[in-house]
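A.B. asks:
There are 2 protein chains.
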Amino acid sequence: MIIQKSSNPRISSFDPTSFSFGNTFIDHMIICEYNNGKWGDLQLVPYGPIGFTPAMMGVNYGQACFEGMKAYKDKDGKVFLFRPEKNAERINKSAKRLAIPEIPKEIFMEGLKTLVDIDRDWIPHGEGMSLYIRPLLFATEEALKARVSEKYLFAIVATPAKSYYAAPVSVKISDHYSRSANGGVGFAKAAGNYAASFYPTQLAIEEGYDQIIWTDDSTHEYFEESGTMNVFVRINDTIYTPKTSEKILDGVTRDSFLQLAKRRNLEVVVGDVKVSDVIAAQRNETLKEVWGVGTAVVTSIFEALGYNDEHLLLPKLSEEESFAAMLKKDLTDIQTNQAEDPFGWRVLVEEQVYDL
Amino acid sequence: MIIQKSSNPRISSFDPTSFSFGNTFIDHMIICEYNNGKWGDLQLVPYGPIGFTPAMMGVNYGQACFEGMKAYKDKDGKVFLFRPEKNAERINKSAKRLAIPEIPKEIFMEGLKTLVDIDRDWIPHGEGMSLYIRPLLFATEEALKARVSEKYLFAIVATPAKSYYAAPVSVKISDHYSRSANGGVGFAKAAGNYAASFYPTQLAIEEGYDQIIWTDDSTHEYFEESGTMNVFVRINDTIYTPKTSEKILDGVTRDSFLQLAKRRNLEVVVGDVKVSDVIAAQRNETLKEVWGVGTAVVTSIFEALGYNDEHLLLPKLSEEESFAAMLKKDLTDIQTNQAEDPFGWRVLVEEQVYDL
Chain A
1 MIIQKSSNPR ISSFDPTSFS FGNTFIDHMI ICEYNNGKWG DLQLVPYGPI
51 GFTPAMMGVN YGQACFEGMK AYKDKDGKVF LFRPEKNAER INKSAKRLAI
101 PEIPKEIFME GLKTLVDIDR DWIPHGEGMS LYIRPLLFAT EEALKARVSE
151 KYLFAIVATP AKSYYAAPVS VKISDHYSRS ANGGVGFAKA AGNYAASFYP
201 TQLAIEEGYD QIIWTDDSTH EYFEESGTMN VFVRINDTIY TPKTSEKILD
251 GVTRDSFLQL AKRRNLEVVV GDVKVSDVIA AQRNETLKEV WGVGTAVVTS
301 IFEALGYNDE HLLLPKLSEE ESFAAMLKKD LTDIQTNQAE DPFGWRVLVE
351 EQVYDL
Chain P
1 MIIQKSSNPR ISSFDPTSFS FGNTFIDHMI ICEYNNGKWG DLQLVPYGPI
51 GFTPAMMGVN YGQACFEGMK AYKDKDGKVF LFRPEKNAER INKSAKRLAI
101 PEIPKEIFME GLKTLVDIDR DWIPHGEGMS LYIRPLLFAT EEALKARVSE
151 KYLFAIVATP AKSYYAAPVS VKISDHYSRS ANGGVGFAKA AGNYAASFYP
201 TQLAIEEGYD QIIWTDDSTH EYFEESGTMN VFVRINDTIY TPKTSEKILD
251 GVTRDSFLQL AKRRNLEVVV GDVKVSDVIA AQRNETLKEV WGVGTAVVTS
301 IFEALGYNDE HLLLPKLSEE ESFAAMLKKD LTDIQTNQAE DPFGWRVLVE
351 EQVYDL
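Protein sequences appear in the order of chains A and P.
Using full-length UniProt numbering, the first residue of the first sequence is number 1, and each one after it goes up by one.
Using full-length UniProt numbering, the first residue of the second sequence is number 1, and each one after it goes up by one.
#1: Please report the straight-line C-alpha distance between Ser180 (chain A) and Ala195 (chain P), rounded to a whole angstrom.
#2: With a cut-off of 9 angstroms, does the C-beta of Thr241 (chain P) fall near any C-beta of chain A?
#3: Could you compute how far the alpha carbon of Val278 (chain A) sits from the alpha carbon of Asp309 (chain A)?
#4: What residues are listed by DSSP as bridge partners for His176 (chain P)?
#5: Which chain P residues sit within Cβ distance under 8 angstroms of Asp217 (chain A)?
#6: Taking the alpha carbon of Val347 (chain P) as the reference point, which residue from P:Asp117, P:Ile100, P:Pro104 and P:Asp210 has its own alpha carbon closest?
#7: Would you grab the beta carbon distance between Tyr132 (chain A) and Ala339 (chain A) for me? Rounded to a whole angstrom, and I think it's under 8 angstroms.
#8: Does the separation of the CB atoms of Thr228 (chain P) and Tyr222 (chain P) fall below 9 angstroms?
#9: Quick check on Glu206 (chain A): does DSSP put it in helix, strand or coil?
#10: Would you say Gly51 (chain A) lies against chain P (beta-carbon separation less than 9 angstroms)?
#11: Taking the straight line between their C-alpha atoms, what separation do you get for Leu44 (chain P) and Ala71 (chain P)?
#12: Just to confirm before moving on: does the CB-CB distance between residue 357 (chain A) and Glu246 (chain A) stay below 9 angstroms?
#13: Quick one: measure Cβ to Cβ for Leu331 (chain A) and Ser226 (chain A), integer angstroms, because I've assumed they're closer than 8 angstroms.
#14: At 8 angstroms on the CB atoms, spell out the chain P contacts of Val116 (chain A), in chain order.
#15: For the stretch 19 to 86 of chain A, list the beta strand (DSSP E) runs that are entirely contained and at least 3 residues long, ordered along the chain.
#16: Output yes if chain A places a C-beta closer than 9 angstroms to the C-beta of Leu144 (chain P); else output no.
#17: Please look up how many angstroms separate the CB atoms of Lys162 (chain A) and Phe21 (chain A), rounded, as I've assumed it's under 8 angstroms.
#18: Confirm, please, whether the CB-CB distance from Asn230 (chain P) to Thr201 (chain P) is below 9 angstroms.
#19: In chain order, which continuous runs of the beta strand (DSSP E) of length 3 or greater are located wholly inside the stretch 327 to 352 of chain P?
#20: Mind pulling the chain P residues with CB within less than 7 angstroms of Ser178 (chain A)?
#21: Suppose you measure from the CA of Ala88 (chain A) to the CA of Asn23 (chain A); what does that come to, to the nearest Å?
#22: Could you tell me the distance, in whole angstroms, from the CA atom of Asp333 (chain A) to the CA atom of Asp76 (chain A)?
#23: Taking the alpha carbon of Leu249 (chain A) as the point to measure from, which residue in A:Ile3, A:Gly294, A:Lys78 and A:Lys329 has its own alpha carbon closest?
#24: Please identify, using Cβ separations under 8 angstroms, the residues of the stretch 9 to 27 of chain P that lie next to chain A, in order along the chain.
#25: Measure the C-alpha to C-alpha separation of Ala99 (chain A) and Tyr34 (chain P) and round it to an integer number of angstroms.
#26: When DSSP labels each residue in this structure, what does Ile123 (chain A) get in the three-state scheme?
#27: Out of curiosity, what's the CA-to-CA distance linking Pro9 (chain A) and Ala95 (chain A)?
#28: My understanding is that Lys288 (chain P) touches Leu317 (chain P), with C-beta atoms under 8 angstroms, so please give their C-beta distance in whole angstroms.
#29: Locate the beta strand (DSSP E) running through Arg134 (chain A), then write down its first and last residues.
#30: Which first and last residues belong to the alpha helix (DSSP H) in which Ser276 (chain A) is found?
#31: Measure the C-alpha to C-alpha separation of Lys262 (chain A) and Ala280 (chain P) and round it to an integer number of angstroms.
#32: Against Ile258 (chain P), what residues of chain A qualify as contacts under a CB-to-CB distance less than 9 angstroms, listed in chain order?
#33: Expressed to the nearest angstrom, what Euclidean distance is found between the alpha-carbon atoms of Ile3 (chain P) and Glu110 (chain P)?
#34: Would you say Pro124 (chain A) faces chain P, with C-beta separation under 9 angstroms as the test?
#35: Grouping DSSP H, G and I as helix and E and B as strand, with all else coil, what is Leu317 (chain A)?
#36: Locate the beta strand (DSSP E) running through Glu267 (chain A), then write down its first and last residues.
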C-alpha cells in the first residue's frame, strides 16, 4: 500500500459541532486503479480531484456502483466499523451485474481500515454522529463506445455525518413510476438507480410528500423499497418486509433489523407485502407502523401514506410503543459500543494499522 | 462564447485511413457549466481532462445522459449535420426525466456547430465515414447525498468514425433480462441504461450471440429494442417496429427509416411487435428480415435469432431484395449529400461561424 499523507490537512478547521453533511470531506481518500486486467497499487492520497475528460465511460454509460457504510466513535475514542464485510460482498454483487471487475475483499478492507484509522480525528462522537464512508467503483476509460470499460477506479471517500432525517415523513405509494425492472439492476447499488428516482421523487414532493414507496412496475400492487431504503410494515404486532430479489437491495440495516427483531422474539414475515393489505390494515386500524431503514438514515418513521388521492395517517407511537424506535436503539447501541454485540457485528479499527 | 484553441493540435498526426474509432479524439471539446441555477459561458477548449474527485455525483448517482450524432463530409469537403435539432430536443427529454436542468437549444447548437467547424479537418470522407459526436450532461457537484445535484457540465466530445459493424449479427431474444421498467427511464439516453445492458449482453455473447433483443420485463412477449438500437421486423413485405413509449428510445434513425419507408410506399405498422408472431413468421418462412437501427451503426442486419434454446436462421437477402439495405442507402445518401433532401434533414456547417 502506498501512503501519501496530506501536506495541508484541514482537520484543525473541522468543527464537529457544526459541519455540513455530505460535502465536508476528510483529509484523505483511497484510490486503486484497474488496468490491463488487474488491480494496481492501493493508495491513500489527499482528498482531491483526479483528471477525467467528458469521454470518461463512467459518466457516459453509468458503469458505476457504490456502497454506504459508517464508522462510529465510542466515549473512549475507540473507532468501530459495522459489518464491513457485508459491504465488501455487496459491492462485488453490484459490480458483477454491471460487468465491473470485482475488487478483492482484502483491498477493500485494507483501504477502508487505513483511511478510517488515519482520519479518525474526523469522526464525530455523540448521539447520531458517525463517519459516512463511500466506497465506489466506476469506469474510467475514455472511449465513446457503448461497451464494457477496460479501466476502472476503486475509491473510498468519507464525510462526517449527523442524523439524516429528524421528523417523521410522509411517503407516496407509487402508482406509476418504478425503480426497477424484472431482470434489471434494482438489487445492485448501481449509480443509475438513484438518478432514475429523482424526478418521480420531485413530483411526489410537489404533491406534499417527502419520498416514494416504490412498488412493482407491472402491477404496483407490491411494496419494494421506500426512497433509498428498505421498507418495514407492522400490522398488529407482526413485522412484514419484502423478501430480497433481483429488484430489491439486500440492505445491511434491513438484515440487522431482522436479526434484532428475532432476538426480541418479534414475529417477522419476510415475503410479499401487498399494497392492498397495508391499506386495509390502515382502514381497520391494525396498521401500527411503517418505516424505512438504511445506513444513511438508520430509520425513517412514516407519519402518512399517500395512496391514490388519499392521505392516510399512521398512528403516532411513543418511543416505548414503537418497534421501529426500539430496534433502532438496539442497533445503534451495538454500532456505537453502548451494548453487548452477541452477533459480532462491530469491527474495531486498530490504531496505526498502516506502515509508513 | 469563449474560444480557446489548442496550442498543440494533434490533427497533423491523424491518418483518416487508419484510426481507432471511439478513442481517437478531435483537438477540441465544448464545455458549459451549470451552477447557482444557471448555465455559464459556452466554451471551446482543447480536449483534455477536468478535475473531479470520486465524490462527483455523476458517477455516484448516475445523473447523466447523452446523445449520439454524426457530421458527414461530402466529396467537395462540405460538412453536414443530420437532424441536429432532434438530438437537442431529446437530450432535454432525457435531462428532464433525470432531474437535470435542460440545456438551452441555442447553447447546444452553437457549441455543436462551432466544434464541428473548428475541427472539420478531423472528419474523414468516404463510404461509412463520419465524425461521431457525443453531447452529454452530467452532475458534477461533489457531495455524498442521494439527491439532485446543484452543479452540472454540458460537454461535447467527438471521434472520427468508420462503419460500426461489418457482418450480419446473431441476436438473442431476451427471456429473463430487461433494459427498462414501466415507469422507468428506458426512453431516455440515461447513462445507467447502458451499464445495465452489459452483463446480459456478455452472457448472450457466451451463448454465441452478438447482442440482445430486449423484451418487456413483465412477460418477455413483446420486442422493445435490440442492443442499443431500435428494432425493425419485416414479415412478407410489411415492416413492423415497436411504437415509442416510456420504455423505448425515440431514435432519430428509427424516425428517419419510417419516413423513408413511407416515401417508398412501403407498408409500415408501428405498434406491438409480438415475439410469438415473429417466431411463427420465421417458421412459416414469411419472416424476411430483422434489423436494428441507430446513429452509431446506421443499420445492423441480423442473420439469426436465439429463441429459448433454438437458433433460428433468417433469409440471406441480396442488397436489392433487402428493405433494410435499401432504406439504409436512402438514408446515408441524404446524410452524405449524395441525394436530394426533400425532408430538410441536412444542416450545413458554415465555415468560420465563430468569432475569434
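We put the CB at the ideal spot given by N, CA and C, even for glycine.
C.D. replies: The structure says:
#1: Approximately 14 angstroms between the Cα atoms of the pair.
#2: Chain A, which has no Cβ nearer than 9 angstroms to the Cβ of Thr241 (chain P), makes this no.
#3: If you draw a straight line from the Cα of Val278 (chain A) to the Cα of Asp309 (chain A), it is about 16 angstroms long.
#4: Assignment of beta-bridge partners to His176 (chain P) by DSSP yields no partner.
#5: Going along chain P in sequence order, the residues near Asp217 (chain A) (Cβ under 8 angstroms) are Ala181, Asn182, Gly183, Gly184, Asp217 and Ser218.
#6: The shortest CA-to-CA distance from Val347 (chain P) to any of P:Asp117, P:Ile100, P:Pro104 and P:Asp210 is the one to P:Asp117.
#7: The C-beta distance from Tyr132 (chain A) to Ala339 (chain A) rounds to 22 angstroms, too long to meet the 8 angstroms contact threshold.
#8: Cβ distance not < 9 angstroms, so Thr228 (chain P) and Tyr222 (chain P) don't count as in contact.
#9: Three-state DSSP puts Glu206 (chain A) in a helix.
#10: At a cut-off of 9 angstroms between C-beta atoms, Gly51 (chain A) counts as an interface residue with respect to chain P.
#11: Computed Cα separation, rounded: 18 angstroms.
#12: As displayed, chain A neither begins before 1 nor continues past 356, which places residue 357 (chain A) out of reach and without an answer.
#13: Cβ atoms of Leu331 (chain A) and Ser226 (chain A) stay farther apart than 8 angstroms, at about 18 angstroms.
#14: Simply none; closest approach about 15 angstroms.
#15: Qualifying beta strand (DSSP E) stretches, in chain order: 28 to 35, 43 to 46, 50 to 52, 64 to 66, 69 to 73 and 79 to 82.
#16: By this cut-off, Leu144 (chain P) is an interface position.
#17: That pair is a contact at about 6 angstroms.
#18: Cβ distance not < 9 angstroms, so Thr201 (chain P) and Asn230 (chain P) don't count as in contact.
#19: With a minimum length of 3 residues, the continuous beta strand (DSSP E) runs that stay inside the stretch 327 to 352 of chain P are 346 to 348.
#20: Under a criterion of Cβ atoms nearer than 7 angstroms, the residues of chain P adjacent to Ser178 (chain A) are, in order, Ala181, Asn182, Gly183 and Gly184.
#21: Ala88 (chain A) and Asn23 (chain A) have their C-alpha atoms spaced approximately 24 angstroms apart.
#22: Note on geometry: alpha-carbon atoms of Asp333 (chain A) and Asp76 (chain A) lie some 15 angstroms from one another.
#23: Closest by alpha carbon: A:Gly294.
#24: Hits within the stretch, in order: Phe21, Gly22, Asn23 and Phe25.
#25: Between Ala99 (chain A) and Tyr34 (chain P), the C-alpha separation is close to 31 angstroms.
#26: Coil.
#27: Whole-angstrom Cα-Cα distance: 33 angstroms.
#28: Contact check for Lys288 (chain P) and Leu317 (chain P): beta-carbon distance about 7 angstroms, within the 8 angstroms limit, so the pair qualifies.
#29: Ser130 to Ala139 is the extent of the beta strand (DSSP E) around Arg134 (chain A).
#30: Ser276 (chain A): member of the alpha helix (DSSP H) spanning Val275 to Arg283, first to last residue.
#31: Computed Cα separation, rounded: 53 angstroms.
#32: A quick correction: the sequence has Leu, not Ile, at residue 258 (chain P). Against chain A, a Cβ distance below 9 angstroms from Leu258 (chain P) picks out nothing, because the smallest value is about 23 angstroms.
#33: Spanning the alpha carbons of Ile3 (chain P) and Glu110 (chain P) requires a straight line of approximately 12 angstroms.
#34: Not closer than 9 angstroms to any Cβ of chain P, the Cβ of Pro124 (chain A) fails to qualify, so no.
#35: Looking at Leu317 (chain A) - three-state DSSP - the assignment turns out to be coil, as it is neither helix nor strand.
#36: Start and end: Glu267 to Val270.
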